[in-house]
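Structure, as structure tokens:
In my numbering, the protein residues as written are 6 to 206.
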């Protein structure tokens, strides 16, 4: 999948005080081609205001943009897709013109998501990470590999993934990785992006 093997999941609280749109712009300039806007605490109006400039950045670079859970905002900004949790799966018929991606925590949930028409799933947390502790204990690479074997759609790994761990998760058969703080909190998000892309090949 090339540059599409790296998905940046946004969290404006993880940027160390830097403007999120500016940070995303740096990452896109560094080669990032897949962005998921995940700002669950924003109102629809605030989410729309955030997504508009990010959509412009991604459009100019030919990058794909997924918006978490809000179909209306995704359609309004012309996003490429919608990302939703397994418990609130949005089927393609409810999101006209949008690809659907789903967060899953078990291989069985990946199977469900594929049946519901998901383009890809994001499986985790694979490793321990503060951002994902609310979703349960780390699933580990073996469970990740089970999820990959269970479906024919691409599976991304999330949760504590670092550049050093990329070979291990790729060996499990994943299409790529989804990253939050390893890029957003880095001294140089652009450099972190390039290092992930190099590790992913």
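No residue lacks a Cβ here, since even glycine has one placed at the ideal position from N, Cα and C.
As the structure is a computational prediction, the values presented were derived from the model and not from experiment.
| request: Hey, could you find the ends of the beta strand (DSSP E) residue 181 is sitting in? | output: Its beta strand (DSSP E) spans residues 181–184.
| request: For residue 51, count neighbouring Cβ atoms within 10 angstroms of its own Cβ and tell me buried if that reaches 16, exposed if not. | output: Counting Cβ neighbours within 10 Å, residue 51 comes out exposed, since fewer than 16 surround it.
| request: Output the boundary residues of the beta strand (DSSP E) element that contains residue 160. | output: Start and end: 160–163.
| query | Measuring CB to CB, does residue 201 end up less than 8 Å from residue 184? | reply | In this structure, residue 201 sits near residue 184, with a CB-CB distance shorter than 8 Å.
| task | Return the Cβ separation of residue 164 and residue 10 in integer angstroms, given the expectation that the two are a contact with Cβ distance under 8 Å. | result | The Cβ separation is near 17 Å, so there is no contact.
| request: Under the assumption that residue 188 contacts residue 13 (Cβ atoms under 8 Å), give the Cβ distance between them as a whole number of angstroms. | output: Right, their Cβ atoms sit about 6 Å apart.
| request: Report back the beta-carbon spacing between residue 100 and residue 87 to the nearest angstrom; my notes put them in contact at under 8 Å. | output: Yes, residue 100 and residue 87 are in contact; Cβ-Cβ is about 5 Å, under 8 Å.
| request: For residue 186, I'd like the list of residues in its chain whose CB is within less than 6 Å of its CB, leaving aside the five on either flank, ordered along the chain. | output: Correct list, in chain order: 19.
| What distance in whole Å lies between the Cβ atoms of residue 195 and residue 171, which are believed to be in contact at a cut-off of 8 Å? | In fact, because the Cβ distance is near 18 Å, the residues do not count as touching under 8 Å.
| task | Check the C-beta distance from residue 125 over to residue 158 and give it rounded, since I have them as a contact under 8 Å. | result | 5 Å between Cβ atoms; contact.
| said: Our contact map puts residue 166 next to residue 131 with C-beta atoms below 8 Å; I'd like the distance itself, whole angstroms only. | reply: So it is a contact: roughly 6 Å between Cβ atoms.
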